Structure formats: structure tokens, C-alpha cells
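Colleague: Once you've had a glance at the structure underneath, I'll fire off some questions.
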Amino acid sequence: MNQMAPEITWHLGDPNLIARCTTATSSPLSRQAFDANPELASAWAQDHLDDGQNGVLDWEQVAAVGVLGGMKKSDDTSEYECVFPARRLKHHLRMLAAESPIRSHTFGFTLDSSILTLYLHTPSGLFYSSDIECTEANGHLSTFIERLLSLNDIDLGKIASPGGPDGPPLPFPTAVLPPQVPSFARHLAKVPTMGLIEIEKTVFCSGEVLGLQKSASRVRAIRDGPGDNREYAMTVSFVEEARCNEHDQIRQMIASASPHEREGLTNFVDVHRQHFSLVPHFLKGDLDAEKCAEICGLKPRAMEVTFQEHCFEPIWAVDSIEALTRAVLGAVKGLRSLYRMRILHRDVSPGNIMIGPDGEGVLIDYDLAILMDGPFGEAARMERVGTFAFRARYLLKESSRTPLQPWHQIESLVYVILVVVFNRPNGGGDLSGMTEDAKHVWELWNMDVWAFHSKAGLGRAPAHRQELLKPYLEHWEDLPELVAIIANHCGLDLTAFTHGEANETSYLEAGWGSVAPAASAIPDSRDLNATWQVLEKGVDQIMTRLSEGMSYPQYMNLYTVSYNYCTSSRMNSGGVNETIGIGTAGGRSGANLMGSDLYKHLNRYFVSHLKQVSAAAEPLTDEPLLVYYTREWDRYTTGASYVNRLFTYLNRHWVKREKDEGRKNVYQVYILALVQWRDHFYAHVQDNHKLSNAVSKLIEKQRNGETIQTDLVKKVVDSLVALGMDEGDTNKQNLEVYQDAFERPFLAATDLYYTSESEQYIGANSVTEYMKKAEMRLAEEENRVDLYLHASTRKGLVSKCEEVLVKNHAGKMQEEFQRLLDQEQEGDLKRMYLLLSRIPNGLDPLRERFEQHVKKAGLASVEKVVGESAEGVEPKAYVEALLSVHSNNAELVQKAFKGDQGFVGSLDRACREFVNRNKACSNANKSPELLAKHADGLLKKSNKASEDDDLEKSLTETMTIFKYIEDKDVFQKFYTKMLSNRLIRASSASDDAESSMITRLKDACGFEYTSKLTRMFQDMALNKDLNAQFKDKMSQTHDASELGVDFEVSILGTSSWPLGAASTGVKLPTELQQVYDRFTGYYMSKHSGRKLTWLWQHCRNELRTLYTGQKYFFVTSMFQTVVLLQFNTSGDSLSYEDLKLGTGMEDEALKPVLQLLVKQRVVDLKDDMYELNLGFKSKKIRVNLNAPIKAEQKTESADVMKHIDDDRKMLIQATIVRVMKSRKEMKHQQLINETLAQLQTRFKPKLGDVKKAIDVLIDKEYLERVDGQRDLYKYLA
């Protein structure tokens, strides 16, 4: 059913859990149920795919479950009780979220009768839809199921859940990390490659508390190969945007601290964070994030993934009191390190204490940590956060106004120790669980009402605590001492103060004060002078004495001062000091005024500082000026970047607001520093181009071969680029300063330098030496751009160098080209090509000269082979002469001219010219004839180089020359004639080679060109079957003595074979007449409608001599056979008239046969009588008498040419008809041009032949001239 889906309205919070009772059976569709039954409608899907990540998986994964509403029998009665599907579903969703360390959302639904409800569990909250009534008419259920199934992807589901409680962990190598937190780039050692990550073990995973969903895992990041990988600890949590800045500061403080200063803490390797959102992107429907935050206090959260440099085991793995003591001691050290940094952890629990590789405890997870002196310090210390069961007892009292203190976190360690022991009575491998007393205590710690009293009782009643620990002392024997030591440092054992929270606090403050640093002196945010005095000292130290160092607490103190001032909402007028510069006009807020005052102070500081820097540069010029400028630039910009971060809040709010309101000359603090550098220092040192001239002189030194400090040029160039700021958008790059101050003068100086050098060098050296120099200079200039110039300069610099070094001297290089060709100087030719290819039309003269060079070489090569007479040229020598010229120059084109298409075209034109018009070509048809004969020689058995590889190479070379043949129809006729001879005489070297050649011809000229050749092969294949069937038939109907003559026949299709009937008749001897009659009768019985025409001139026979002492086998033609068999019946001596009468042959056929037999000494001519040579002798047993007759060969060539002329006339007419049939009407010149274009692939027709064909077609009434328009033709259907 294809219905439109309903509009979904989402609600926030728990839905109305009213049961709808039905008789259906409940069926939770969990992951385990899915594994057991794939047909269940459980689906896994990813949140979204980012096209910028090439479609790889994002870290946000969503899993779906469903619960069907219904009723079930109670355990003790036969009555049905209602099931609460939504309540059970919430449990499933939370468990599914907790199952995976990287899943950010879970999606579910309930189907209760016909009511469908959708649920979404996120780190920000639980959302549910309005009830959706599903009926057959509206199709909502089928639409929902279709969408649910479209999310289905089992593999993604497995990736989303690496590992289960009983199975091994599953790698997810395609997971993509969220974006890296930018502020960590300078502080953390970023892992080179985190693209391939394997979760080896999930150490801790919790999804029970919305917004606090987190996990800790041991992962392996495989970098470059199997041998290069390390293990890391990975934590995944969901953080609020409001606290992210403070979280980042805390992590940076930890990361920048020395190993001693961060004792007991983990060091960060990398931090990644996704976008902040309430719901995943794939959901249809609207959720107003601001409204949700306003009404319910829920805020968007982002997945945050952190990597630490150590791999940990959970504290649950400890199996002895010694190991537990080391773990707790490490956590104490971590808390002390944080406190010395003025940081409170706020969430000491078993999940946040891990065992490092050395066995020491390590405190992890700083997501809830706060700066005691930070912007949220006081308010955050009053928040009651962290895992409830492990909070200090006074933080559980509703009436308590005690802020979080460091000893409260030590108290949490007592509960951590007890819970670890309670759950592992006999060590890390024991899972037997708590005793009843311990279980009761644990339940009390998790109850709002009883948690305080239960924990306070541990201090008031030592006997109770001893009784509680007694069942565990067998394995954890020193447990009471460990608990007492920790309890003594947090007040839990100070019985004197158990009734006085204030007394206990004051006592512990005195002891803890010795380990805490003094709180930083923060000036009153209303006092501008005091604020700026503190900030100015810090800013000046950063800008002028950064090499002395600045501690992170000092830096954070400056940040806090800046933050406090910028966030102050008080007006300065009438306050501690008067504001500087801007009054209260315009109704602008106090925060804006404070920002303006602070901005002006910064501006004045930069100006004052730069005046001092500028004064020191006054006497400097040339290289000393560059050294000073670059040193000050490094110092200034480094300091400005730190100052920029110091005033982050000013940038983010005041500066942004000013720019949004359209105010000019207001910049981010770092950009402000650059503006003042440009106006108060750069403008001074650039006066009269002093700075750019110094750079140009340094570059000229390098061009002259001197060694320079390239980093001086690089830094000056970078500074000029940085100083070009777009006033409209400071984030956009503006190269105006760089171009005006450096690029334009630099390009002008380059022109002058290379103009002078090139003219002098080419005047004193050869052209080839100059080309080497120009090539070297061009490479140097391109390398110069990579070394220290801006990339935008490349085009202008290279273009200027090409103009001066190449274009201005192109004529001399082009004149040298012919000499280099004649001397085959491949290296210099390549150099010339690369240089001249850089300028427009630089290669055109070279291509023309190359074409003439190749043409001249081809004509000379053919003339050398032909000699004085073109008649007796050997086909093989002729083709090899053509190939040698082509192959040599084709290789030159590839190596020296890099396969340039212009040179390839020149080579083709030259080859086409000398292949078709040379000394061997007495007529236009000679070259294709010789090529066909060469191919014939290659494909015959007599070819000596008939190895497969050599033959294939030779055929490829033949096709190379064939490409340049203009009259391809001439080649086709001769090749077809020669192929027919090879087939009927069985003289082909290889059927595979023949097929290969035909395939090549078909690829070159199309199917029609080779269709007859293909049918000839098909005829020969049919003849094999025909002869076998004939022999079988004869053996069945005749005695063996009657079949003394071995007979084979070839049936050839008239339309495919270029063969005609014999020009003379012949009388068959008795020996052959019988076989002739048998086959004719057999064939006509099978094909009654066909006519057989015997081609006697192509028949071949074998005769055995009985009259010689040595038995010989004569291979003869049919005419020779008929003549020789006359001697069997008429004696050994016969006259010409006897032979003519006996054979029935005409004179023009008989005489050449007799002459050949006499010449071969088979027959002697004596007194006009032909006598059989009874004394015939030969070195060969098998003697071939069937030698070709030259007169016959000439006749065949003439016949072929006559057929070609006839075929061309018909082809021209057919082409004209085809063109006119498609166009209907066409003008004379258009018809001529179209016909010539279509015939170009077969042959080059003459214009007169096309005109004659048009006239013939008009006579045949295929065409007619349009009345009144003599140049317009019309097709007649």
C-alpha cells in the first residue's frame, strides 16, 4: 500500500503510560531476538552520511527496537494483567544505548492494537510522538514498516555494537572520527592516522542516565602497517556546549603539564567532537531546541571522543589488597594534581578510576570537572552532580549549602573501595556478588532519603563498619586499615565533628590548605585600570618575553580577568574608574562598553609597541633589515596568536557584534595586531621600497649562484600575504599588499635580468647549449615558487621567463631543428620540444619541417629498394623499407616529442604521402598490391618466420602500413584473391593467423570490408564435413576396389569467392570421370536446386610415376594431369594434335601447359612430337610441377584492376543513392562533398567519377534535377 505518511508531532519527556490491553502476546524485538529470527522487523541504520567523507560511516549510529503491547498471565493467578509497552520500551532503549560505546541514539516504537507510537532516546532527553491511528485505509502502518525496513542493514548494526557480553569484540575499521577540536591542535600530539580503529575491550559503559551516557574502551589505532600500531584508551561521552570551553581549558592544562604535575592523571593524545544536536538528522518532524531548553532544561549535546596515551584495565580487575591500594593511591595523586591546578573532578566513581600499565591507579573522565576560579566555579561547586551513590555525605543533604570541596572527592574513594570489594568478595575474577548486609547498604546509598544517614553511620559506628567488612577480610585482609586511612583524610572518621558540618569543614580546610596553591588575584571586573594593569603585564610578557615562558595557571588567570571584564553587566560610569573612550550614548549595553574600552587599550598597546620596533629598524638595510624584520615578525605573530586566544570572549561576542552592526575598522584581536603591524611598522620599512628591494637583491644573489638564507625571503613573503586583508571579510585572502610591494617589482626585475643574460649567453654559445641553460633557469624559477614565493606568483613568473628565455629566441631554435633531425640528436630535440611547447605556436614550424623530413626519408628509402626498375620490386623489401622509416620516426615522436598529437599528425601525413606516391608506384594501385602480396607471403606455409610471436608482430606492422593506404579497396581485392588461393591450395601457415588478420582488417575498415573473407572460411569449414559424408556414402555403395582414386572437393559460394570459370573446356580421363560422376550425382541429390561450375584451372592433383626406376609423386594442375594421363592410353610419344584432341583444351590453355612440362623435363619435344621422358630424375621424391605462369599472373592482375574499376563505379553510385535517400534533396556541391567523405575510408575517388555517377543515376531515374534550380537534386523513390 503506497499512502502518504502522517505528519509526526514530537513531545518531550515521558509519555502517558496508560496500558491498552489486548490479547496479543508481547514480543520485544531486541538485537538478540533479531539474531535468532532475521524475519523480525528489527533495523539498524546510521544517522547520516557526509559526502565530504566519500560515503564512509559516521560515528553517530542509531539502533531500533520494537515492543508489541498486550496482556500476559500473572504468575500466581490465571487472570491477565495489563502490560505497559512504553515503560518496557524505555528500558530496552536504554539498555540498547548502553550496549555500544559509540551509539548516540536509539529509536523504538510500540504497536498497541492499532495505535502506533514512536520513541527516541537521545543523550539530551526522551522524545515520543503523538499516537498514530493505523488503519487499512490510511496505510500508516505499512508506510512505517517500509521506512523501518529501509533503515535495515545488519552490517551497520554490528559495527554499531562492537562486541557483546559473551562474544569477542568486533573491529569497525570504516568508522570516521568526529572533527578534531581545533584548540587542541597546538597542544596535543595528534595521532597521525586514526582511520583504522579496533575496539579491543570495552572497559566501562553506562547509558542509564540521560545526558551522562559514556563509555571507556581499549582501542588499537593501526597507522601505516601491521607492525606500526599502538594501543590507546578511548572514552566516549556526550557534552553540553556551555561547558565545552571550560572542558577544553582543563584538558589543555593537563596536557601542557609536566609528567610530575599530572601524576595520577591520564595524558590526552587527541580530542574529537561532533556537532551539537537534540535529535539525529534522519528524523522527520520538528523539535524546537530553544523551546526544549527553556521548558525542560534539556540542551543539545555532542558526542565527544578522547584518546589517552595509556591503555587501562577497570578497577574491578584488582584481585588483591595491594593492587587495590595502588589503584586508590593513584586516584589520590590524581585528585591532588587536579587540586594544585585549581580543578575539581566532581565524579569520583569506579568507572572513572582505571589501572594503568604499571598497576598504578589513574583518574580519567574530566567531563564534569570545573575550574575553581573559572567563570562557573562558584555556581558549579554548588551543583550536585556525579554518580549519586558515590557522592560525599554532606553533598546529599538538602539543607546543606556546603560547596564541593577536595576532601569530598576523597570521601568518594571510600565508597569506591567498599563497592569494589562488595562486588568481588574473592578478587577480580569472583562474580559471586554482595552479601545481604552489603547489598542492603548499597541499596541505601542509591536512595535519596537514606543515603546520607547510611554514609554518616560509617563514621559514627566503627563497630558497624567492622561487622560490614568482616565477610571480606579473608581475601582483603588489610581492608579496614585502607578504609581508615582514606576516611581519616576526608572527615569520615573524625567523630568529634560528626555533629558539626562547619567544624569539620574548617578543620579539613586547614589541612588541605598546605597542598593547594593560593588563589589567583583577580581584580574587580568594574575596575578598568586594575584590569588593564594585570592584562598589560601579561600581554607584554607574551609579546616581548615569550621565550621566558608562562605557566598555564598564569595564562588562565589572564584569561579569567579578560573574561570577567567582558562579561560584566555593570556600567562603568560612576563605578570604580571612568571608562576610556566611549560613553553610554546610543543605549548600548555595559558589556559592549567594556569590550570597547578593552579593545582600545589593546590597540594602543600594539601601536606603542610597534613604534619601538620600527625605531630599531631605522638604520638597517638589505640583508640585516631582512634578518631583523623576520625575527620580529615571528616574535610578534606568535605572541599575537596567544593574545588572540587570551581575548577569545572579546572576539566571540563584542567584536562579532560590532562587525554585525556594520562598524568599520573593528577586527579580531589577531587581525588587529596585523593591521597595526602593516600601518606602523611595515609601512615604515617599505618606505622607498626598502624592504622589497632588499628581498629582490637577495634573490638576485641566488640567481648569480650565491648561497642565501631562503627562510628570510619566505618569511617576508608570508608576512606580505598575511598583511593583505579584505576589509569586507577578514577571513578572505587579499594579495594586494603582496602584489604591489613585491610581485610586480619582482617580475619587472626578472624580465631585465634574464633579457640581459639570455642575449649574452646565446651570443657566446651554441643554440643547444643555450637550450640547456634556458631549461635550467626555468626549473630554478619554478622551484623558487615552491621554496619561498606565493603560489599565485607561479603563473606570472613562469610566463615572464618563457617570454624572455624562449619566445624571444624561438627563431634561432627553430632554425636549428633541421640539423638536429638530420643528426638524430634525440636529447636536444626533446629539450627543444619542451621549451617551444611553452609558447603559443612555437611548435608549428617544427611540425612542418618534421613532416617534410619524414616524407623525404620515406621516398629515399623506397628509391633505394626499387633501384632502376619499379617492375621487379620485391614486396617484402618494399614494405620493410616503408616500415623502417615509420618506426624510426614514430619512436622519435614518442621519446623526443612526448607523443605530441601535432607531431603524430605530421608523421601520418608524411607516411600517407610516401606510401601512396613513390618510385615503386607506377600507378596509384601499386602500393596496396605490394602490401597484399607481402601479407600473402607472411601467411603462407613457406614463410620462414612463422613463429607465432614473430608472425603477430609482422601482421601488426603490415596493418601499420595499411593504415596509410588510400585505395584500401585495391588491397581488399588482391588480398581476397590471394586468400582464396591459400585456402583452396591449403597453403596457409595458420588458421589462427588468418583469423587474426581478418579481425584486424575488420577493426580498421568495418564488417562489410571483411564479410566475404569470413564467408570464405565458413565455406572451407563446411567442405570438411561434406567430404567426410561423401566418403562414407561411397564406402557404403561401392566396393573398395572401385574407389582407387582419393578425391576431395571444395564447394565455393559464387558471391564470396573471387574466382571465375575456366576459359577452356577439358575432357576428363576415364580415371577421373568416374569420380566426377559419383560426386555430381551425390551433391545434386542433396541440393537439387543448385548448379555446379567446375573451376578446372584451380584443381590440383597428385600422380605417381610407374615408368621410372625411382617412384616419384607429381603435384600437378588439372590441365597438366589431363595431358600426362594421355600417355597412359596413347603411347609414350604424341603429337600436338593428338594431345589437343585427347584433352579437348584450347590452344591458349594447352600450349603453356606443354611448355611448362617440357621445361621441367617431364616431357621432351622431338621433331614436333611430345615424348614422355622415361629417364626423368629429380632430387625430390615429391615434385611440384604446378608452378605459376607469369602470363597468367599478369592476366590475373589486370582482371583484378578491371573488377576494381567496375566495383568503384557501383560503390560511388550506391553511396550517392544512400545519401540522397536520407536527405531527399541536396545541392550539387553538398552531394559531392558528402560522397567524397563517405568513400574516403575505401579509396580516394576522382571528382570526375562522382559527376559521371550522378549523370548515370539521373539516366536511371534515381535522381532528377529540380526545375529552375540546376544545382539542386531530388531523390526519386
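Residue numbers for the sequence shown follow the UniProt record's numbering, so the first one is 1 and each next one is one higher. The C-beta atom is built at its ideal place from N, Cα and C for all residues, glycine as well. Only a predicted model underlies this, so the values are computations on that prediction, with no experimental measurement involved.
Please state if the CB of Met253 and the CB of Met543 are separated by a distance shorter than 8 Å.
Modeller: Contact: no.
Colleague: Do you know offhand how far Asp319's Cα is from Pro357's?
Modeller: Distance between the alpha carbons of Asp319 and Pro357: 15 Å.
Colleague: Nearest-angstrom Cα distance between Leu820 and Val767?
Modeller: Distance between the alpha carbons of Leu820 and Val767: 11 Å.
Colleague: Judging by CA-CA distance, which residue of Gly1060, Lys1012 and Val1075 is the nearest neighbour of Met1034?
Modeller: When each option's Cα is compared against that of Met1034, the closest is Val1075.
Colleague: Leaving aside the five residues before and after Arg1100 along the sequence, list all residues of the same chain whose C-beta is less than 6 Å from its C-beta, in chain order.
Modeller: Taken in chain order, the list of residues that qualify is empty.
Colleague: Going by beta carbon distance, what residues of the same chain come within less than 6 Å of Glu578, once the five residues before and after it are set aside?
Modeller: With a pLDDT of 31 at Glu578, under the threshold of 50, the modelled position of that residue is not reliable, and the figure given next carries that caveat. Nothing meets the Cβ criterion.
Colleague: Over what stretch of residues does the beta strand (DSSP E) that includes Ser758 continue unbroken?
Modeller: Unbroken run through Ser758 is the alpha helix (DSSP H), Arg744 to Ala764; no beta strand (DSSP E).
Colleague: Could you tell me whether the Cβ atoms of Leu324 and Val414 are closer together than 8 Å?
Modeller: No. Outside cutoff.
Colleague: What does the alpha-carbon distance come out to for the pair Ile1216 and Val1256?
Modeller: Distance between the alpha carbons of Ile1216 and Val1256: 11 Å.
Colleague: According to the Cβ coordinates, are Val669 and Leu650 closer than 8 Å?
Modeller: In this structure, Leu650 lies closer than 8 Å to Val669 by Cβ.
Colleague: Tell me, which residues are paired with Lys940 by DSSP?
Modeller: Partner(s): Ser988.
Colleague: For Val866 versus Lys919, is the C-beta distance shorter than 8 Å?
Modeller: Result yes, Cβ atoms of Val866 and Lys919 sit closer than 8 Å.
Colleague: Residue range of the alpha helix (DSSP H) that residue 1340 falls in?
Modeller: Nothing can be reported for residue 1340, as the shown portion of the chain is limited to 1 through 1277.
Colleague: Run through DSSP, which three-state label would Pro300 get?
Modeller: If DSSP states are grouped into helix, strand and coil, Pro300 belongs with coil.
Colleague: From which residue to which residue does the beta strand (DSSP E) around Asp726 run?
Modeller: Counting along the chain, Asp726 falls outside any beta strand (DSSP E), and DSSP gives it neither H nor E.
Colleague: Would the beta-carbon of Arg251 fall within 8 Å of that of Phe268?
Modeller: Against a cut-off of 8 Å, the Cβ pair of Phe268 and Arg251 comes out as a contact.
Colleague: With a 10 Å radius around its C-beta and 16 neighbouring C-beta atoms as the bar for buried, classify Ala1187 as buried or exposed.
Modeller: Label assigned to Ala1187: exposed.
Colleague: Is the CB-CB distance between Thr560 and Asp373 below 8 Å?
Modeller: The answer is yes: Cβ separation under 8 Å.
Colleague: With DSSP as the reference, identify every bridge partner of Lys201, one or two as the case may be.
Modeller: DSSP output for Lys201 lists Arg218 as bridge partner(s).
Colleague: Let me know the secondary structure DSSP gives Gln825 once reduced to three states.
Modeller: In the structure shown, Gln825 sits in coil (DSSP, three-state: anything other than H, G, I, E or B).
Colleague: Whether or not the stretch 635-642 and the stretch 698-714 are in contact is what I'm after, with contact meaning three or more pairs of Cβ atoms, one per stretch, closer than 8 Å; do they touch?
Modeller: Not touching, per the Cβ criterion.
Colleague: Inspect the beta-carbon positions of Leu363 and Ile353 and report whether they are closer than 8 Å.
Modeller: For Leu363 and Ile353, yes; Cβs fall inside 8 Å.
Colleague: I need the straight-line Cα distance from Leu458 to Asp437, nearest angstrom please.
Modeller: Those two C-alpha atoms are separated by around 13 Å.
Colleague: Look at the Cβ atom of Ser792, then the Cβ atom of Pro745, and state whether they are nearer than 8 Å.
Modeller: No, they are not a contact pair.
Colleague: Pick from Trp476, Lys439 and Thr750: whose alpha carbon is nearest that of Asn426?
Modeller: Checked all of Trp476, Lys439 and Thr750; the closest Cα to Asn426 is Trp476.
Colleague: I'd like to confirm the pairing. Which residues does DSSP put opposite Ala233 in its beta bridges?
Modeller: According to DSSP, Ala233 bridges with Arg218 and Gln308.
Colleague: Just to confirm the assignment: which complete alpha helix (DSSP H) runs, minimum length 4, are found wholly within the stretch 1101-1169?
Modeller: Runs of the alpha helix (DSSP H) inside the stretch 1101-1169: 1118-1130, 1136-1143 and 1147-1159.
Colleague: Starting from Phe268, follow the beta strand (DSSP E) in both directions and report where the run begins and ends.
Modeller: Start and end: Phe268 to Arg273.
Colleague: Does the stretch 843-857 touch the stretch 871-883, meaning 3 or more C-beta pairs lie closer than 8 Å?
Modeller: Result no; under three Cβ-Cβ pairs closer than 8 Å.
Colleague: Need the endpoints of the alpha helix (DSSP H) that Glu383 sits in, please.
Modeller: From DSSP, Glu383 is part of no alpha helix (DSSP H); its letter is neither H nor E.
Colleague: What residues are listed by DSSP as bridge partners for Thr117?
Modeller: Answer by DSSP bridge pairing, in chain order: Thr110.
Colleague: Here's the rule: buried if 16 or more other CB atoms are within 10 angstroms of the residue's CB, otherwise exposed. What is Ala1062?
Modeller: Classification of Ala1062: buried, given that the 10 Å Cβ count is 16 or more.
Colleague: Under 8 Å, with one C-beta from each stretch per pair, do the stretch 519-536 and the stretch 613-620 reach the 3-pair mark?
Modeller: No: the two stretches stay apart, fewer than three of their Cβ pairs being nearer than 8 Å.
Colleague: DSSP three-state label for Asn1184, please.
Modeller: Residue state, collapsed to three classes: strand.
Colleague: When DSSP builds the beta bridges, which residues end up paired with Lys933?
Modeller: Lys933 is not bridged to any residue.
Colleague: Can you tell me which residues form a DSSP beta bridge with Gln733?
Modeller: DSSP output for Gln733 lists Met725 as bridge partner(s).
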